[in-house]
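Visitor: Sharing a structure here in structure tokens format.
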């Protein structure tokens, strides 16, 4: 079968979640007994460390939702020179990955409101966090979920990539 851009676009498009389709999508996934796995980040320049985190998150055998900071949020968190890639580009790149089942943008500096809305069964963050410092960990565990900390892949960071490019 030949690849056709329209069908690819539709495949990607169904992964974009927002306030209008989030509840319905979560209901359908849960109805089919799919645990909801959630992680989040800026994902400004997608690198091997990000990919490893997403692969390991998907291996937890659930529907993987990735929360992505919008451009204004990235700028507040990372500085005026960021993001390198705009939110639409970052959403598209993550939605195109096979292991990602859904992507959703959030405008706050932390994903706490989004985590409360999604109520994931598993919250995933990288190894630069401890459970006590992960936003939403307390809420997820209070709902009977769990928090997984995935070890970082040494040598990969967006900041280091930006420095090398300069």
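In the numbering used here, the protein residues as written are 11 to 176.
C-beta: ideal position from N, C-alpha, C; glycine also.
1. Which class does residue 163 belong to by DSSP, given the choice of helix, strand or coil?
2. Which word fits residue 20, buried or exposed, when buried means at least 16 other C-beta atoms lie within 10 angstroms of its C-beta?
3. For the 8 Å Cβ check, are there 3 or more pairs between the segment 52-63 and the segment 30-40?
4. In angstroms with no decimal places, state the Cα-to-Cα distance between residue 118 and residue 84.
5. Can you look up residue 125 in the DSSP assignment and give me helix, strand or coil?
6. Please report the straight-line C-alpha distance between residue 1 and residue 90, rounded to a whole angstrom.
7. Ignoring anything shorter than 3 residues or poking outside the segment 45-121, list the beta strand (DSSP E) runs there in chain order.
8. Would the segment 43-58 and the segment 114-128 be scored as touching if the rule is three or more Cβ pairs under 8 Å?
Guide: In terms of the structure at hand:
1. Taking the first residue of the chain shown as 1, we reach residue 163 at position 153. In the structure shown, residue 163 sits in coil (DSSP, three-state: anything other than H, G, I, E or B).
2. Position 10 of the chain shown, counted from the start, is the residue given in the question as residue 20. Answer is exposed; the Cβ neighbour count stays below 16.
3. Contact fails: fewer than three Cβ-Cβ distances are below 8 Å.
4. Translated into the one-based positions of the chain shown, residue 118 becomes position 108. Translated into the one-based positions of the chain shown, residue 84 becomes position 74. Each residue's Cα considered, the two are about 9 Å apart.
5. By one-based count along the chain shown, residue 125 stands at place 115. Note: residue 125 maps to helix in three-state DSSP.
6. Because the chain is modelled from 11 through 176, residue 1 falls outside the range shown and cannot be assessed.
7. Fully enclosed beta strand (DSSP E) runs of 3 or longer: 46-51, 73-79 and 112-116.
8. Between the segment 43-58 and the segment 114-128 there are three or more C-beta pairs closer than 8 Å, enough to call the two in contact.
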